[in-house]
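First comes the structure, then the notes that go with it.
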Amino acid sequence: MEPRKLAYDLLQRLEKNNQFSNIILDRALIDNGMSDADKGLATALLYGVTERRLTLDYQISRLSARPVEALDMSVLTALRLGLYQLIYMDRIPPHAAINETVSLCPKKTAGFVNAILRAYTRDPRLEYPSADVEPARFLSVRFSVCLPLAEKLVSDLGFDSTFSLLAGFESRKPETTVSVNTLKISRDELLKKIPDSTPTQYSEGGIHVRGSVRELYGFDDGLFFVQDEASQICVSAIGARPNETFIDTCSCPGSKSFGAAISMKNEGRILSFDLHEKKLPLIVSGAKRLGINIISTSACDGRHFLPELEGISDRVLCDVPCSGFGVLSKKPELRYKDPSESEALPDIQLAILENACRYLKSGGTLIYSTCTVLPKENEENVRRFLDRNRDFYLESFSVCGLDFKDGYMTLRPDIHGTDGFFLAKLKKR
């Protein structure tokens, strides 16, 4: 199938069904006979149009006499696809972008799509609402995030910080990062074995790689596992040691449990829990591939206390369910998620934290982490916990060259070049 046609079809499916673009794309690319170059173009178009949807729609509204809301979805999808190529893909000649896009449309709408796209080439400028008059709406259109999310970020972080954050997400290209299994190989050795791989900036055990992970050198032998750098920093903050007991309360797909096991030199005990039993085989199979045998898995709601575990653990991780607004560069659909849909999460997160803290020994370490940038789910939740649990305190620490002087920090794409990720370290008296 021609890559533009595939992207066109998948974009319309995304509009009709509440799915993630990476899931439907992976399925569509299996055994379809496309060349690597065509797969790359289809991928760039699908992710790019999804990521820039509101920006594209605002430009369409400038060029079209018909309101965007009144356009048939097939027409709107074609316009988004064509404009994205004209605005953001310099290597594609304008005539090719226009002609190939118009060819996707039925004859009755082809003329309209052709006219709009050619109108842009005659007046190739991007317009936005006034940042002075409507700051949140400006950010919404400029960075293609829904207005409620832009308003929430401005309210929580301020305009300048939000602009910088969203610009960081925009400039950060999705990349695949793996954590080296140092039980079997050093990072330097693996870097030499995997072409075009580069070391991570902060984590001492991370590598950025290209291509299909399963086809890379060492995958079948368990020399690495997929884990983004922010998550690797979290594992370093956990600081698990050999012969300790470590509990991972919300563990799937298991990368932090794997990282802790490696830190423990595969000596000790790890209990990995998750709410969804069907996900646990991911941990079991992953541990087997990596040669890790100290992990036990069990389905468990992190809010429900297990009395047999009270006071047994040296370290506990609560990597809690969250709104996900720290991974906009990886999951473009989250750009259009209304924050109000996540209003119940802070209480759920706090309940998990307050339950899990009971598993710690005196002097034990409690790590709280999320992949969001919203203070209510992050530092504000930590303060709520400390107000209600006086036997815990924040501990300042340094790890991976980062100074967590307050005992917590939000990693940001514009500052650290990572996903948005919150991490706090608490100690039990």
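For the sequence shown, the working numbering puts the final residue at 672, and the numbers step up evenly by one.
From the three backbone atoms N, C-alpha and C, an ideal C-beta is built for every residue, glycine too.
Query                                                                                                                                                                  : Result
Report yes or no: do the stretch 332 to 347 and the stretch 262 to 277 share at least 3 C-beta pairs separated by less than 8 Å?                                       : no
What is the DSSP secondary structure of Arg512, reduced to helix, strand or coil?                                                                                      : strand
One question on the structure: do Ala599 and Val625 come within less than 8 Å of each other, judged by their Cβ atoms?                                                 : no
Below 8 Å on the Cβ atoms is my guess for Gly606 versus Lys668; work out the distance and round it to an integer in Å.                                                 : Not a contact, Cβ separation roughly 13 Å.
When the distance is taken between beta carbons, is Leu249 closer than 8 Å to Ala285?                                                                                  : yes
When the Cβ atoms of the stretch 393 to 405 are set against those of the stretch 296 to 314, are three or more pairs found closer than 8 Å?                            : no
Which class does Ala374 belong to by DSSP, given the choice of helix, strand or coil?                                                                                  : coil
Under three-state DSSP, which class holds His338?                                                                                                                      : helix
By Cβ distance, which residues of its chain are closer than 8 Å to Cys389, with the 5 residues on each side in sequence left out?                                      : Leu297, Ser383, Arg578, Tyr579, Lys580, Asp581
Cα-Cα, which of Ile555, Asp471, Tyr363 is closest to Gly660?                                                                                                           : Asp471
For Leu518, collect the residues of the same chain with a Cβ closer than 6 Å to its Cβ; drop the 5 residues on either side in sequence, then sort them by chain order. : Asp544
Shortest alpha-carbon distance to Ala374 belongs to which of Ser429, Ser264, Asp403, Asp646?                                                                           : Asp403
Closer than 7 Å: is that where the CB of Leu433 sits relative to any heavy atom of the ligand NAP?                                                                     : Inclusion of the ligand NAP in the displayed structure is not the case, the ligand content being empty and no account of it being possible.
What residue range is occupied by the uninterrupted beta strand (DSSP E) comprising Glu243?                                                                            : The structure shown has nothing for residue 243, since the chain only spans 244 to 672.
What are the partner residues of Val452, as DSSP defines its beta bridges?                                                                                             : Thr419
Could you pull out every residue in the same chain whose Cβ sits closer than 6 Å to the Cβ of Lys573, ignoring the five residues on either side in sequence?           : Pro417
Ordered along the chain, which non-local residues of its own chain (more than five positions away) have a Cβ less than 6 Å from that of Ala379?                        : Ala393, Glu394, Val397
Taking Glu622 as the reference, which of Pro391, Ser585, Met652 has the closest Cα?                                                                                    : Met652
Here's the rule: buried if 16 or more other CB atoms are within 10 angstroms of the residue's CB, otherwise exposed. What is Gly354?                                   : exposed
Between the Cα of Asp557 and those of Ile513, Ser583, Cys495, Leu523, spot the shortest distance and give me the residue it belongs to.                                : Ile513
Per the contact definition of three or more C-beta pairs closer than 8 Å, is the stretch 538 to 552 in contact with the stretch 363 to 371?                            : no
Under 8 Å Cβ to Cβ from Ser429, same chain only, skipping five residues before and after it: list those, please.                                                       : Val423
Of the choices Phe628, Ala530, Met244, Gln262, whose alpha-carbon is the least far from that of Ala503?                                                                : Ala530
Straight-line CA distance for Tyr290 to Ser446?                                                                                                                        : 28 Å
Less than 8 Å between the beta carbons of Leu523 and Ala542, yes or no?                                                                                                : yes
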